[in-house]
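J.: Position one of the sequence shown corresponds to residue 55 (our numbering), numbered consecutively onward.
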Amino acid sequence: MKKLSLIIFFFIFQFSFSQSIEDQIKNIEQKVISWRHDFHKHPELSNREFRTSEVIAKHLESLGISVKRNVGVNGVVGILEGSKEGKVVGLRADMDALPIKEKNYLPFMSINNGIMHACGHDSHMAILMGAAEILSKNRDFEGTVKFIFQGAEEGPPPGEEGGARMMIKEGVLKNPDVDAIFGLHIAAQLPMNKVYYKPRGFYASSSRFTIKVIGTQAHGGTPWLAVDPIIITAQIINSIQTIISRESELTKEPAVISFGKVEGGNRFNIIPNEVNLVGTIRSLDYGMRDYIKKRIIELSEGIAESYGGKAIVEIDDGADITYNDPEIMNRMLPSLKKSAGNENVILSNAKTLAEDYAYYLNEIPGFLFELGGYNTNEEREAPAHHTPDFFIDDNSMLLGVKVMTNLALDFLKSE
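(1) Starting from the Cα of Glu424, find the closest Cα among Leu407, Ile418, Glu355, Asn431 and give me that residue.
(2) Any contact between the segment 250 to 260 and the segment 363 to 378? By contact I mean 3 or more CB pairs, one from each, below 8 Å.
(3) Along the alpha helix (DSSP H) that carries Lys248, what are the first and last residues, could you check?
(4) Between which residues of its own chain and Gly333 is the CB-CB distance below 6 Å, once the five residues before and five after are set aside?
(5) Just to confirm the assignment, what range does the alpha helix (DSSP H) spanning Val281 have?
(6) Taking the alpha helix (DSSP H) that Thr106 falls in, what are its first and last residues?
(7) According to DSSP, is Ile154 helix, strand or coil?
(8) What are the residues that DSSP puts in a beta bridge with Arg254?
(9) Could you check whether His273 and Ile324 sit closer than 8 Å to each other, using their CB atoms as the reference points?
(10) Can you pull the DSSP bridge partners for Tyr159?
(11) Whether or not the segment 200 to 214 and the segment 137 to 155 are in contact is what I'm after, with contact meaning three or more pairs of Cβ atoms, one per stretch, closer than 8 Å; do they touch?
(12) Report the start-end ranges of each alpha helix (DSSP H) in the segment 302 to 351 that is 4 residues or longer and not cut off at the edges.
(13) What is the DSSP secondary structure of Lys138, counted as helix, strand or coil?
(14) State the beta-bridge partners of Ser261 as determined by DSSP.
(15) If I follow the unbroken alpha helix (DSSP H) through Ser468, where does it start and stop?
(16) So, at 8 Å on beta carbons, what are the nonlocal neighbours of Ser74 in its own chain, with the 5 sequence-adjacent residues on each side left out?
(17) Can the beta-carbon of Pro245 be found closer than 8 Å to that of Gly395?
(18) Run through the DSSP bridge pairs and tell me what Glu196 is partnered with.
(19) Given that a residue counts as buried once 16 or more other Cβ atoms are within 10 Å of its Cβ, and exposed if not, what is Phe195?
(20) Does the beta-carbon distance from Gly197 to Gly237 come in below 8 Å?
(21) Answer yes if the segment 85 to 96 comes into contact with the segment 165 to 183, meaning at least three C-beta pairs across the two stretches below 8 Å, and no otherwise.
(22) Could you give the distance in angstroms between the alpha-carbon of Asn330 and the alpha-carbon of Val267?
(23) For the segment 436 to 446 against the segment 412 to 422, do three or more pairs of beta-carbon atoms, one drawn from each stretch, fall closer than 8 Å, so that the two count as touching?
(24) Using the C-alpha atoms, what's the distance from Ser450 back to Asn431?
(25) Relative to the C-alpha of Thr270, which residue among Ser261, Gly217, Glu359 is closest?
(26) Kindly list the residues whose CB is nearer than 6 Å to the CB of Lys56, restricted to its own chain and excluding five residues on each side of it in sequence; keep chain order.
(27) In the DSSP assignment, find the unbroken beta strand (DSSP E) run with Glu424 in it and report its ends.
(28) What are the start and end residues of the alpha helix (DSSP H) that includes Asn403?
(29) Would you tell me roughly how many angstroms separate the C-alpha atoms of Asp77 and Glu381, rounded to the nearest one?
(30) Kindly give me the distance between the Cβ atoms of Asp371 and Ser259, rounded to whole angstroms, as I take these residues to be in contact under 8 Å.
(31) Does the beta-carbon of Ser137 have 16 or more other beta-carbons within 10 angstroms, so that it is buried, or is it exposed?
(32) Count the CB pairs spanning the segment 289 to 302 and the segment 346 to 362 that are closer than 8 Å, and state whether there are at least three.
(33) Look up His175 in the DSSP assignment and say whether it is helix, strand or coil.
(34) How would you call Val457, buried or exposed, if buried means at least 16 neighbouring beta carbons within 10 angstroms?
(35) Does DSSP put Thr270 in a helix, a strand or coil?
(36) Given Gly118, which residues of its chain have a CB within under 7 Å of its CB, disregarding the five upstream and five downstream residues?
In structure tokens, the structure reads:
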């Protein structure tokens, strides 16, 4: 009878504890929204997240969490120890904004002209700050939670280090050693209050390429005296796209080549000496990525030479494939379903987006999931990421706090 009473007490305690956390998460929603609005209003570019990192660090310190500043330039790391020793779980959010002029006339629209949170990093930070507050008030768990706020996810400025690789190099996964890591990405075009996941390859690798096309300058009225780099560039652009449409086995894995910048010339009647191209390669297969890189070099150099010009190609890898560990994803799937409800946890297709979160997953087990951010009752269409119209619904973030909190607690108590 005594044993039965203890069991009943244990389940009542567990239920009330869970309800208490559930209520705390609901009560923190307005704070999370307020943090997100503040970050959105004051966006900062990669490796320049000075104000952003200080806001985060002060919040973590106010919760009694041990804080390390300036990890990987402006990264902030908070360490929260539970009541007993145990495993270590990492939770990560990115901090940087993009060089985009916002077109949303919101009360909290960006005041930093030409800079905008157009990929949802403002919501990622606010969600993780919320999870940190909830976990700091419920420390009766075994183990340690490491909160990783990372800068320069969009890529450090030329000539600088930054992002996940730099934080890893500076020991973010050590002392204490992280056993597993979890992260989320808001998805502006997916319905809110739903979680999207995929084991194995989820996000693509990302490589940045530049092509300098060199010709011979001449008067626009005498093109026969020129080697026209604009004509060469047009042929290179068209031919490179055939690498995807005619040479890549897309039934195996998706791949993308996109040009983001074409720059050359300074006057209507001058054929310029050179044109510069900048673009990106995305692939979910390293063999395909390497083949695409090889063919970009071959086509660019060959086409330029055939017209009497020259092409200089440089390719830098920016992010690896985001590989979600299938074993730990399977183990933590009940936690996702507990947080969102069975019907709201959806198996996703792979994406040709890229995330330098991949580098953490190269080191330790973990996964990245997507959180829907679009209110389907909105009259406006869901905007794309990296655009001036990017927008998410504030009410989409509370589920993110719940999922991140539960993932941490459930992993720490799992065998």
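In this text, a Cβ means the ideal position worked out from N, Cα and C, and glycines have one as well. Please read all numbers here as calculations on a predicted model, not as lab measurements.
T.: Inspection of the coordinates gives the following:
(1) With distances taken between Cα atoms, Glu424 lies closest to Leu407.
(2) Yes, the segment 250 to 260 is in contact with the segment 363 to 378.
(3) In the DSSP assignment, Lys248 falls outside any alpha helix (DSSP H), carrying neither H nor E.
(4) Answer for Gly333: Phe263, Ser312, Phe313, Gly314, listed in chain order.
(5) Under the DSSP assignment, Val281 falls outside any alpha helix (DSSP H); it carries neither an H nor an E label.
(6) Counting along the chain, the alpha helix (DSSP H) containing Thr106 begins and ends at 104 to 116.
(7) Looking at Ile154 - three-state DSSP - the assignment turns out to be coil, as it is neither helix nor strand.
(8) Answer is Asn378.
(9) Yes.
(10) Tyr159 pairs with nothing; no bridge assigned.
(11) Result yes; three or more Cβ-Cβ pairs closer than 8 Å.
(12) Fully contained in the segment 302 to 351 is no alpha helix (DSSP H) run of length 4 or more.
(13) Correct three-state label for Lys138: strand.
(14) Answer is Ile335, Asp371, bridged to Ser261.
(15) No alpha helix (DSSP H) holds Ser468; DSSP gives it neither H nor E.
(16) Within the same chain, Ser74 has close Cβ partners Asn192.
(17) In this structure, Gly395 does not lie closer than 8 Å to Pro245 by Cβ.
(18) DSSP lists Lys138 as the bridge partner or partners of Glu196.
(19) Looking at its Cβ environment, which holds 16 or more other Cβ atoms inside 10 Å, Phe195 is buried.
(20) Cβ atoms of Gly197 and Gly237: not closer than 8 Å.
(21) They touch, by the three-pair rule.
(22) Those two C-alpha atoms are separated by around 6 Å.
(23) Here the segment 436 to 446 does not lie against the segment 412 to 422, with fewer than 3 beta-carbon pairs under 8 Å apart.
(24) Answer to the nearest angstrom: the Cα atoms are 13 Å apart.
(25) Here the closest residue by C-alpha is Glu359.
(26) Caution is warranted here: a pLDDT of 48 is assigned to Lys56, below 50, making its placement in the model unreliable, and the coordinate value is therefore given only provisionally. Residues of the same chain with a CB within less than 6 Å of the CB of Lys56, apart from the 5 flanking positions on each side, do not exist.
(27) Unbroken beta strand (DSSP E) run through Glu424: 420 to 428.
(28) No alpha helix (DSSP H) contains Asn403, which DSSP labels as neither H nor E.
(29) Taking the straight line from one Cα to the other gives about 31 Å.
(30) Contact between Asp371 and Ser259 is confirmed by a C-beta separation of about 7 Å, below the 8 Å threshold.
(31) That one is exposed.
(32) Cβ pair count under 8 Å is three or more, so yes.
(33) If DSSP states are grouped into helix, strand and coil, His175 belongs with the helices.
(34) Counting other Cβ atoms within 10 Å of its Cβ, Val457 reaches 16 or more and is therefore classed as buried.
(35) Three-state DSSP puts Thr270 in a strand.
(36) Only Ser190 meet the Cβ criterion.
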